[in-house]
Amino acid sequence: MSKLVWHQIVLFSVFGLLTLMRFLTGSVGLNISLLWWWIGGIVGFLFVFADRLVYTFMSHPEEMLSIRLKELFARGKIINGLALALTEREKQGRLIMRSVLFVIVWAVLTVLTLTSIANTFSRGFMLGLGTHLVFDLGWDYWTSGKRDISLWFWQVRNVTKTEINGFVWISFGFYFITVWFL
Numbered sequence: 020m021s022k023l024v025w026h027q028i029v030l031f032s033v034f035g036l037l038t039l040m041r042f043l044t045g046s047v048g049l050n051i052s053l054l055w056w057w058i059g060g061i062v063g064f065l066f067v068f069a070d071r072l073v074y075t076f077m078s079h080p081e082e083m084l085s086i087r088l089k090e091l092f093a094r095g096k097i098i099n100g101l102a103l104a105l106t107e108r109e110k111q112g113r114l115i116m117r118s119v120l121f122v123i124v125w126a127v128l129t130v131l132t133l134t135s136i137a138n139t140f141s142r143g144f145m146l147g148l149g150t151h152l153v154f155d156l157g158w159d160y161w162t163s164g165k166r167d168i169s170l171w172f173w174q175v176r177n178v179t180k181t182e183i184n185g186f187v188w189i190s191f192g193f194y195f196i197t198v199w200f201l
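For reference, each letter of the sequence shown is one residue, going 20 to 201 in the numbering used here.
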């Protein structure tokens with residue numbers, strides 16, 4: 020199965036499992052706030068894909084893939100351009116949202132969301148965003164995909180295998196602790 024299919028399986032599994040658990044514990048009912056939570060999660064999950072467009076149009080417009088994407092978009096072939104961006108994603112190495120610093124920003128915003136925001140859309144958004152980030156981090160860490168896990172540290176410095184392991188496990192731990200509260 021492709022990574023794109025796994026994205027969908029993971030997103031709907033996480034939200035489905037959490038919804039079921041909340042129903043069983045009686046902490047949520049079937050109402051509009053549940054719908055907003057799901058919509059927020061889907062939007063947050065899809066938001067991470069936006070970094071491919073930032074890469075194309077802002078941070079690396081001179082690269083060949085960026086030039087091809089801009090040409091497709093200029094001719095109105097937006098769907099073809101998005102498909103190309105997803106199929107050739109390995110060529111986009113220094114993505115803003117797939118980085119250690121962005122994961123840290125997400126973690127801080129998640130804590131602020133948990134402690135300050137009761138809005139279900141916002142909580143779903145942060146959960147969807149985190150689910151995508153953690154999924155991609157895990158995919159790059161555990162699979163022999165074409166994207167190297169060390170690319171997550173491009174904004175920082177060269178890191179050791181121990182530091183990478185520590186970051187991955189801390190990120191997963193933080194995600195699994197906060198997932199129950201978002």
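Even for Gly, the Cβ is constructed at its ideal location relative to N, Cα and C.
This one's a predicted model, so the numbers in the text were calculated from it and none came from an experiment.
Once DSSP output is grouped into helix, strand and coil, what is the label at residue i?
i	result
VAL130	helix
ASP167	coil
GLU90	helix
ASN184	helix
ARG113	coil
VAL62	helix
GLN174	coil
ILE196	helix
PHE68	coil
LYS96	coil
HIS79	coil
ALA102	helix
THR150	helix
LEU23	helix
ILE136	coil
LEU201	coil
SER190	helix
Output yes or no for whether 7 Å exceeds the beta carbon distance between residue i and residue j.
i	j	result
PHE144	GLY59	yes
GLU107	ARG166	no
PHE76	HIS151	no
THR179	TRP55	no
LEU133	PHE200	yes
GLN27	TYR74	no
ARG113	TRP173	yes
LEU38	THR129	In the sequence as presented, Leu is not what sits at residue 38; that position holds Thr. No, they are not a contact pair.
TRP125	LEU148	yes
TYR160	VAL187	yes
ASP70	ILE98	no
ILE189	ILE168	no
Ordered along the chain, which non-local residues of its own chain (more than five positions away) have a Cβ less than 8 Å from that of residue i?
i	result
LEU72	ALA104
VAL29	THR150 and PHE154
HIS79	SER85, GLN111 and ARG113
Which residues in the same chain have their Cβ closer than 6 Å to the Cβ of residue i, if we skip the five residues on either side of it in sequence?
i	result
VAL175	VAL119
Only counting the same chain, and skipping five residues up and downstream in sequence, which positions put a Cβ closer than 7 Å to that of residue i?
i	result
ARG87	LEU103
PHE92	GLY100
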